[in-house]
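UniProt numbering applies: residue 1 is where the sequence shown begins, and numbers increase by one.
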Amino acid sequence: MRGKARAGLLKTEKTFDQVADQFEKEYEIITEGQRSARWTQGHKDRLRLHLRPFFGKLGISEITPGKVQEYRVHRASQLTRHGKPPSRSTLHDEIVTLRLVLKTAVRHNWMAFLPDLSPPYKTQGKIVHRPWFSPDEYKQLYTATREYAKTARHQDKWRAEQVHDFVLFMANTGLRPDEARNLQHRDVTIVIDRDTNQRILNIDVRGKRGVGFCKSMPGAVQPYQRLLKRAKADSDIWLKDAPNDRPVTEPSYPGPTDPLFPSNHIKMFNGVLRRTKLKLDREGNKRTAYSLRHTYICMRLMEGADIYAVAKNCRTSVEMIQKFYAAHIKDLLDTSDLNVTRPKRTKKPSAQPSEKRPH
1 MRGKARAGLL KTEKTFDQVA DQFEKEYEII TEGQRSARWT QGHKDRLRLH
51 LRPFFGKLGI SEITPGKVQE YRVHRASQLT RHGKPPSRST LHDEIVTLRL
101 VLKTAVRHNW MAFLPDLSPP YKTQGKIVHR PWFSPDEYKQ LYTATREYAK
151 TARHQDKWRA EQVHDFVLFM ANTGLRPDEA RNLQHRDVTI VIDRDTNQRI
201 LNIDVRGKRG VGFCKSMPGA VQPYQRLLKR AKADSDIWLK DAPNDRPVTE
251 PSYPGPTDPL FPSNHIKMFN GVLRRTKLKL DREGNKRTAY SLRHTYICMR
301 LMEGADIYAV AKNCRTSVEM IQKFYAAHIK DLLDTSDLNV TRPKRTKKPS
351 AQPSEKRPH
């Protein structure tokens with residue numbers, strides 16, 4: 001130990017591993033109830049798989065902008081299981097986790113200042129618009145789910161009907177999939193909107209942004225009423241082969257504390273997308289349940305809804321909508337502003353030279 005100290009090899013400061021331990025302990029407690037368990041676990045996974053193996057034994061002051069750039073090069077040279085280097089968003093998430101750890105060191109005075117973590121050769125990233133369903137594609141989708149709900153086998157009928165109502169409900173509310181999963185029937189109220197005099201849903205939303213509120217389109221009311229009146233999946237009416245010696249019980253229906261969508265129907269939803277050839281959009285992006293939210297936002301903008309009102313109802317920012325949605329909707333381009341031509345000037349007759357009078 002004395003020899004290491006004389007040689008300057010003995011670390012007298014906190015190592016990255018020690019600061020990361022402190023970060024994990026603090027972050028989970030302080031953000032409890034504000035961040036999902038999955039989000040918190042994501043930071044732990046990035047530390048365990050990538051950041052600790054590279055930075056772990058380094059003293060915290062040794063993590064400089066140059067060292068972070070070495071980490072980027074190191075990660076870019078690693079191939080994923082698909083044979084490709086990590087995506088831009090994956091690296092971004094890892095740097096976000098690294099920044100949170102270094103901020104922990106700054107707060108505890110283990111580090112004088114936060115180093116510059118921005119990439120030195122930053123290029124403008126390509127903005128990829130969110131995959132959504134155009135009006136014609138959306139009609140094709142809900143027509144397919146409606147037909148499947150009618151023709152599905154008896155043991156699949158409950159799930160098929162749920163999927164159909166899920167599609168209509170999501171495209172008329174703009175909820176995130178996790179927000180829809182958290183919904184209970186006591187969170188939804190059918191009301192007459194005083195501004196439009198139409199029946200809509202008032203929804204108390206709990207999800208990514210905490211508690212918020214949403215006003216649906218009128219098209220969400222009927223699917224929700226069907227969800228209310230549909231017997232639960234474990235009711236005898238959905239059983240294909242009920243034992244003859246067992247008395248058939250009365251079907252049970254959803255109560256105030258029951259979830260709107262008690263089951264995850266991703267497999268069936270993806271099956272409908274594949275059969276209708278709607279799984280991929282024009283750019284090859286995969287459509288998911290999130291695409292129904294994107295469809296709601298795009299359709300509201302196409303109909304001329306105020307962008308601030310749409311952002312507020314979807315619990316997002318105007319900047320996000322302008323960047324990922326409004327930029328690729330042709331209906332937002334007003335041809336009366338674009339196809340403008342200046343009136344052509346009429347040429348003035350040129351002055352004729354005066355004729356000389358004979359003297």
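Virtual Cβ for every residue (Gly too), placed ideally from N, Cα, C.
Just so it is clear, the structure is predicted and the values come from calculations on it, not from any experiment.
(message) Comparing C-alpha positions only, which one of P115, Y253, F133 and R146 sits nearest to D281?
(response) F133
(request) Could you tell me whether the stretch 11–31 touches the stretch 48–57, using the rule of 3 or more Cβ pairs below 8 Å? (result) yes
(request) Mind reading off the beta-carbon distance from L301 to V167? Whole number of angstroms is fine, and I expect it under 8 Å. (result) Their Cβ separation, rounded to whole angstroms, is 20 Å, which puts L301 and V167 out of contact at 8 Å.
(request) Tell whether a beta-carbon distance below 8 Å holds between R226 and D165. (result) yes
(message) Rounding to the nearest angstrom, what Cα-Cα distance links T341 and D136 in this structure?
(response) 34 Å
(request) Measure the alpha-carbon distance for G207 versus F261 and round it to whole angstroms. (result) 15 Å
(message) Here's the rule: buried if 16 or more other CB atoms are within 10 angstroms of the residue's CB, otherwise exposed. What is W39?
(response) exposed
(message) Using only the alpha-carbon positions, how far apart do R146 and E161 sit?
(response) 8 Å
(message) Give me the DSSP bridge partner(s) of G66.
(response) Answer is none; G66 lacks a bridge partner.
(message) Just to confirm the assignment, what range does the alpha helix (DSSP H) spanning residue 363 have?
(response) Absent from the structure is residue 363, since the part of the chain shown begins at 1 and ends at 359.
(request) Leaving aside the five residues before and after T64 along the sequence, list all residues of the same chain whose C-beta is less than 7 Å from its C-beta, in chain order. (result) P115
(request) My understanding is that S317 touches A326, with C-beta atoms under 8 Å, so please give their C-beta distance in whole angstroms. (result) Not really, about 12 Å apart at Cβ, beyond 8 Å.
(request) Have a look at V68 and I60 and give me their C-alpha separation to the nearest angstrom. (result) 12 Å
(message) I'd like to confirm the pairing. Which residues does DSSP put opposite K215 in its beta bridges?
(response) N202
(request) Let me know the secondary structure DSSP gives L280 once reduced to three states. (result) strand
(message) Quick check: P192 and V221, are their CB atoms within less than 8 Å of each other?
(response) According to the sequence provided, residue 192 is Ile. The question's Pro does not apply to it. Not a contact, by the Cβ cut-off of 8 Å.
(message) Restricting to Cα atoms, I'd like to know which of V211, P254 and G219 is closest to K229.
(response) P254
(request) Please name the residue or residues paired with V188 in a DSSP beta bridge. (result) I203
(request) Jot down the residue ranges of each uninterrupted alpha helix (DSSP H) in the stretch 36–65, minimum 4 residues, whole runs only, in chain order. (result) 37–46 and 52–55
(message) Within the continuous alpha helix (DSSP H) that includes E303, where are the two ends?
(response) Premise fails: E303 is in no alpha helix (DSSP H) and is neither H nor E.
(request) Compare the Cα-Cα distances from Y138 to each of M320, E319, A309 and L273 and report the closest residue. (result) L273
(request) Determine, using beta carbons only, whether W132 comes closer than 8 Å to chain C. (result) Judged by its chain identifiers, the structure shown contains no chain C, having just a single protein chain.
(message) Buried or exposed, going by whether 16 or more other CB atoms sit within 10 Å of the CB of N172?
(response) buried
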